[in-house]
Amino acid sequence: TSLMAQTFLPYVAAELPTSRGLFIECVTGLGFEALESGHVDIAIRVGQKPSVPEYVVQSLGEIRFGLYASAAYIARYGKPNDLNDLKGHIVAGSLKDGPRVGPLAWTLDTFPEDNLRLRSDDAQVLETLVLEGHALGTLPTYLASKANMTAVLVEPGLWTAPLWVVTHRAAHRLRRIQTCLVALNYS
558 TSLMAQTFLP YVAAELPTSR GLFIECVTGL GFEALESGHV DIAIRVGQKP SVPEYVVQSL
618 GEIRFGLYAS AAYIARYGKP NDLNDLKGHI VAGSLKDGPR VGPLAWTLDT FPEDNLRLRS
678 DDAQVLETLV LEGHALGTLP TYLASKANMT AVLVEPGLWT APLWVVTHRA AHRLRRIQTC
738 LVALNYS
């Protein structure tokens, strides 16, 4: 997703001045691009560890989400004390028939229809709505901290998932791939 791109792309892009043959194309989305196609050299996957035998899969840590509000949102609507205190609050969430992954699924399963009043199938749009104070919403904890967001609900296990960096075995040892992998491991 675009959130993953925001997180990891700067580390890889920092290698461009010293790696003349390195070209970066960042393709984001909730879809799954098979590495065998040759259109993608490196993928960052969230959740279950990929099990395709031709893939080299390395842990990249984990990502944790919580429910957050901006100062502007709190000034306008107040801060809910807990999930039972949501009357009058607006929550940004996924489309009803949209992707049911991670925090997007949690949002759909947790909040009443009356609260899910801003919806999108794009994580970047949802992030912007929350950061700009239009709604409560789920954000990665690192992003919420960076943006000085107020935690409404951040509990261990609320939504935490492993991150995996994946390459195809045939391309894994190429210098351009190794350059990117080293940069990602320092992120």
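Each number in this note's numbering comes from the position in the sequence shown (counting from 1) with 557 added on. For each residue, glycine too, the CB sits at the ideal point set by N, CA and C.
DSSP, reduced to helix, strand and coil, places I734 within a helical segment of the structure shown. In the DSSP assignment, E619 is bridged to P719.
In this model, V613 and T707 are separated by some 38 Å (Cα to Cα). Looking only at C737, R726 and L731, the smallest Cα-Cα distance to V609 is reached by R726. Assignment of S702 by DSSP, reduced to helix, strand and coil, places it in the helix class. Counting C-beta atoms within 10 angstroms of its own C-beta, T575 has fewer than 16 neighbours from the protein chains shown and is therefore classed as exposed.
Here A629 has G690 as same chain residues with Cβ atoms under 6 Å from its own Cβ, once five neighbours each way along the sequence are excluded. Within the segment 602-648, the complete alpha helix (DSSP H) segments at least 4 residues long are 628-634, listed from N- to C-terminus. For P567, the number of other beta carbons within 10 angstroms of its own is below 16, and it is reported as exposed.
DSSP places P697 in the uninterrupted beta strand (DSSP E) bounded by G694 to P697. A direct Cα-to-Cα measurement between P719 and L741 gives close to 15 Å.
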